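Numbering (my numbering), first residue to last: 314 to 574.
Written as structure tokens, this is what we have:
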């Protein structure tokens, strides 16, 4: 029985074959190159991983046949409508970076999702994520959304990137005690007091923020990397020097590139 197959052709054309039974594939990874187009997926019902990164794919209606899919990469495609994804009940990893996706409602009932990348999408509403208790990794950077209240119950979240979003209040994050990596650079945040509860934070970026008070950071004893922008090192010189004393194990550095990392 065929266990896996990797296809590296410009065009993916799947058809009935007497020599290969696609339905028997258990742990297949399929990659499409830059000019790939989907013609058929009916014969790959056991497919678990599908990579469509940087292809010309715009319509994913055929993906409904892949009910066992766990990993889907649609980064830098022409996809805008993800309605077919609501059929993928076993999906765990979803990457939509640099797409025209604006509505993530189809993800609402995908309870097994662990990682979602929504970087550089058109989303304004993340409420469909509010019940995703298994979510551990979420990137919503370079978007125009502003309300993060739907995240308040995602207690298993460990990685959250809000860089260059319109977020101005982070009180919904105060109970996300499992957060380890948090990226807040280039947002509209001024009050970071909710961060004092995030005792497990290890990496935090606050570049280009007009923060009222840095004292809440003194409570983050597990913090190992803290990033500010060059102007902040000048403006908050005394407070940063105090932080260095209180958090001797934390490396406080300047953000050298505008990616918030």
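The beta carbon of each residue, even a glycine, is placed where N, CA and C say it ideally should be. Note that the structure is predicted; figures quoted are calculated from it, not measured.
| Item | Value |
| --- | --- |
| Thinking residue 475 and residue 447 are a contact (beta carbons under 8 Å), I'd like their distance in whole angstroms, please. | Incorrect: roughly 20 Å between the Cβ atoms, too far for contact. |
| Suppose you measure from the CA of residue 559 to the CA of residue 513; what does that come to, to the nearest Å? | 16 Å |
| Using the Cα positions of residue 525 and residue 419, report the straight-line distance between them to the nearest angstrom. | 39 Å |
| Give a yes or no on whether the C-beta atoms belonging to residue 510 and residue 487 are separated by under 9 Å. | yes |
| Would you kindly check if the distance between the Cβ of residue 522 and the Cβ of residue 489 is under 9 Å? | no |
| In angstroms with no decimal places, state the Cα-to-Cα distance between residue 473 and residue 544. | 24 Å |
| Below 8 Å on the Cβ atoms is my contact criterion, and I expect residue 397 with residue 436 to pass it. Report the Cβ-Cβ distance as a whole number of Å. | That belief does not hold up - the Cβ atoms of residue 397 and residue 436 are roughly 18 Å apart, past 8 Å. |
| Start and end of the beta strand (DSSP E) containing residue 286? | Coverage of the chain is limited to positions 314 through 574, which leaves residue 286 absent and any answer about it impossible. |
| With a CB to CB cut of under 6 Å and the five nearest residues on each side skipped, what residues in its chain are close to residue 385? | 363, 407 |
| Should residue 542 go down as buried or exposed, given a rule of 16 or more other Cβ atoms within 10 Å for buried? | buried |
| Give me the Cβ distance between residue 387 and residue 360, rounded to the nearest whole Å; I'm assuming they're in contact under 8 Å. | 15 Å between Cβ atoms; not a contact. |
| What is the DSSP secondary structure of residue 378, reduced to helix, strand or coil? | helix |
| Checking 9 Å against the spacing of the C-beta atoms, do residue 443 and residue 470 come in under that value? | no |
| Return the CA-CA distance between residue 431 and residue 390, expressed in angstroms with no decimal places. | 13 Å |
| Determine, using beta carbons only, whether residue 282 and residue 414 come nearer to each other than 9 Å. | Examination of residue 282 is not possible in this model, given that the chain is present from 314 through 574 alone. |
| What is the DSSP secondary structure of residue 544, reduced to helix, strand or coil? | helix |
| Name the two residues that bound the continuous beta strand (DSSP E) containing residue 551. | First-last for residue 551: 550 to 559, but that is the alpha helix (DSSP H), not the beta strand (DSSP E). |
| Between which two residues does the beta strand (DSSP E) carrying residue 518 extend? | 516 to 518 |
| Since residue 568 and residue 520 should fall inside the 8 Å C-beta cutoff, what is the C-beta to C-beta distance between them, to a whole number of angstroms? | 4 Å |
| Does residue 373 come within less than 9 Å of chain C when only Cβ atoms are used? | The chain labelled as chain C is not found in the depicted structure, where only one protein chain is given. |
| Would a C-beta distance cut-off of 9 Å place residue 495 and residue 529 closer than the cut-off? | no |
| DSSP state of residue 464, grouped into three classes? | helix |
| Please work out which residues of its chain come closer than 8 Å, Cβ to Cβ, to residue 515, disregarding the five sequence neighbours upstream and downstream, and give them in chain order. | 493, 494, 535, 536, 537, 538 |
| Within the same chain, show all residues whose beta-carbon is closer than 7 Å to that of residue 450, passing over the 5 residues directly before and after it, in chain order. | 427, 428, 471, 472 |
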